[in-house]
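Working notes, beginning with the structure itself.
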Amino acid sequence: MSIDNNHNSQLINGSHPAAHRQEIGFDSSATKIPRRHTITSCIGLGPMPLNQVIAVHNLADEAVRFPLPRDGRCLTYNEAAVRAKPQQAAQQQLDRKVTKIIEPEIEAIRPLMAEINVLTAHLDQVRSSPMRGAVGEKLTPEEAEAHHDQTRSEIHNALQHGSKKHLIKGRSKAKEIALLLIDFPVFLYALMSLLNVNYRLIGSETGTTIKATVAGIFALLGTLMLAVVARGMGRQHRAFKGDSSTIETDPKNRRRIRLELIAVAAVVIAAVFVMASRVITDGLEADVMPLLVYALAALFGLLIGFSAYLNYASEYDNGSEQTDRVQHLSVQLRGREATLEGMANARKLRVEETGIRIAKLNRLIEQTRTGAEHRVTGSKQDKAIKLARSYHGLTGSKAGLPSPALDYRRLDLAAAQARELTDDQAYLANLTTEN
């Protein structure tokens with residue numbers, strides 16, 4: 053705010069103000085306010101605001117005392133005094149909005165920016181994190197993807213030429229559990245017969261219940277052991293599977309495979325013998341027809357042998373070493389891609405949210421600035437000053453009032469912080485688009 057202090061009682065040329073009025077053609081009657089304006093304003097019909105009638109007269113009287121042309125961009129002491137009240141109210145409004153709205157909004161945006169930076173750092177870390185190969189080797193993501201694509205291409209070419217080596221059978225959890233426990237009823241029956249468990253006394257007699265529990269535990273262990281042995285052997289022999297889905301290897305490995313198959317067959321035959329002997333013994337003691345007893349014993353033996361074969365084949369016929377490597381790398385690559393996509397989407401969401409809040413912050417700053425200025429320039433006091441100037445005409449017809457003398461330091465600091473946040477958000481948005 054500027055105040056015109058050039059109202060000396062003595063003019064520069066030494067003449068008296070009254071004489072100067074005479075010289076330049078001003079007359080005290082020319083600065084008088086029309087009485088009808090005063091009357092209509094006092095009853096609220098204008099042109100002067102009702103509560104500023106006295107202020108307009110005081111400002112006009114000031115012009116009568118010092119009737120010199122003045123710079124309209126400066127305020128006299130009386131004009132400054134009239135404008136002081138709305139200017140003070142505008143300053144309080146500005147400070148209040150900065151304190152209660154703008155600064156909290158800036159503080160709310162900073163954690164979002166920090167979260168975006170953390171997500172960016174995590175993204176870079178995941179992108180450069182090493183991966184584990186099929187045999188435990190350390191691979192970069194690029195090496196893992198190249199190895200995965202190369203092996204997949206080899207498998208695809210082999211399948212195109214009619215190879216059965218890499219065919220994969222669909223698996224289900226229920227099927228796997230059924231294959232593992234398919235022998236359990238047979239083992240349980242044999243062990244309960246071996247321990248002479250009376251089925252009618254289970255749960256009512258302690259000794260019988262303990263025998264039944266022991267029989268159940270050992271039956272489960274025997275079932276799992278047979279299944280694990282068969283599956284492990286099938287998984288091991290799968291490494292020697294050829295394109296025709298048969299074992300193709302050199303004579304040395306072929307001899308070892310035969311010995312392993314003989315060992316598995318011996319285990320299965322031993323289990324079959326135990327099951328069949330129990331069925332035959334119990335059947336003959338119960339005076340059951342011998343033909344039926346032997347047939348049932350053979351059926352139980354075949355059931356155990358067939359279940360062992362199913363467990364062996366479930367591993368042997370299910371893909372190859374190459375498909376295992378592809379699946380191993382594929383799981384890691386899919387997990388890595390899902391992680392990167394999730395983190396990228398989270399960062400993108402935070403960037404968009406930050407952009408919206410920063411745009412809102414910039415609007416708030418601009419609205420606070422223009423609102424504070426408008427509270428002064430649109431006040432009744434400013435209207436009174438303008439009317440007084442129009443009455444005395446010493447500032448000219450084109451001169452406007454100076455801008456309100458408000459303290460914008462806190463608002464300017466907030467605006468600088470908003471510009472910094474805007475630049476950071478624009479950089480992060482470009483980074484998100486590039487990635």
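53 is the number of the first residue of the sequence shown in the numbering used here; add one for each residue after it. Ideal Cβ positions, reconstructed from N, Cα and C, are used throughout, including at glycine.
Residue ranges of uninterrupted alpha helix (DSSP H) with 4 or more members, entirely inside the segment 205-269 and ordered along the chain, are 225-232, 236-246. Comparing alpha-carbon positions, the option among A478, L483, R427, L439 lying closest to Q144 turns out to be R427. Rounded to whole angstroms, the Cβ separation of L453 and K438 is 7 Å, and the two are in contact under 8 Å. Between A282 and A360, the C-beta gap is smaller than 8 Å, which places the two residues in contact.
The alpha-carbon separation between S215 and A317 amounts to approximately 29 Å.
Spatial neighbours of V249 in its own chain (CB-CB distance under 8 Å, excluding positions within 5 residues in sequence) are listed in chain order as T260, K263, A264, A267.
I161 is positioned such that its CB atom lies closer than 8 Å to that of I410. The C-beta distance from L473 to M165 rounds to 7 Å, short enough to fall under 8 Å.
Here V170 is exposed: its Cβ has fewer than 16 other Cβ atoms, across all protein chains shown, within 10 Å. Counting the other CB atoms within 10 Å of its CB gives R184 a total below 16, which places it among the exposed residues. The beta-carbon separation of P101 and A436, rounded to 6 Å, stays under the 8 Å limit for a contact. Annotated as proximal: E157 and L413, with beta-carbon spacing under 8 Å. Q477 and E404 have their C-alpha atoms spaced approximately 9 Å apart. Taking 8 Å as the cut-off, the beta carbon of A365 is found closer than this to the beta carbon of G286. The beta-carbon separation of D369 and K221, rounded to 6 Å, stays under the 8 Å limit for a contact. DSSP lists M183 as the beta-bridge partner residues of L191.
For S372, no alpha helix (DSSP H) run applies, since DSSP gives it neither H nor E.
Three or more Cβ pairs closer than 8 Å define a contact, and the segment 230-245 falls short of that threshold against the segment 196-205.
If you draw a 10 Å sphere on the C-beta of A322, you find fewer than 16 other C-beta atoms in it, and that means exposed.
In this structure, the beta-carbon distance from Q104 to P456 does not fall below 8 Å.
The criterion of a C-beta distance shorter than 8 Å is not satisfied by T420 and L392. With contacts defined by Cβ atoms closer than 8 Å, V324 and G284 do not form a contacting pair. For P303, the enclosing alpha helix (DSSP H) has its first and last residue at 303-337. Membership of L146 in the alpha helix (DSSP H) is indicated by the continuous run 129-149.
Taken through DSSP and simplified to helix, strand or coil, K152 comes out as helix. The shortest C-alpha to C-alpha distance from F239 to any of L313, P303, Q212, F270 is the one to F270. In this structure, DSSP gives K432 a helical state, which the three-state scheme calls helix. Under DSSP, I299 shares a beta bridge with K293. Here A291 has E373 as same chain residues with Cβ atoms under 6 Å from its own Cβ, once five neighbours each way along the sequence are excluded.
Counting along the chain, V116 sits inside the alpha helix (DSSP H) bounded by residues 105-117. C126 sits in coil when the DSSP states are folded into three classes, being neither helix nor strand. K217 is classed as buried because its beta carbon has at least 16 other beta carbons within 10 Å across all chains shown. For the set R117, D434, L175, V134, the Cα lying nearest the Cα of N397 is the one of L175. Here Y460 carries a coil assignment [DSSP, helix/strand/coil]. Per the coordinates, the alpha-carbon of E189 lies some 27 Å from the alpha-carbon of E300. Excluding five sequence positions before and after Y443, the CB atoms of its chain that fall closer than 6 Å to its own CB belong to I85, A112, given in chain order.
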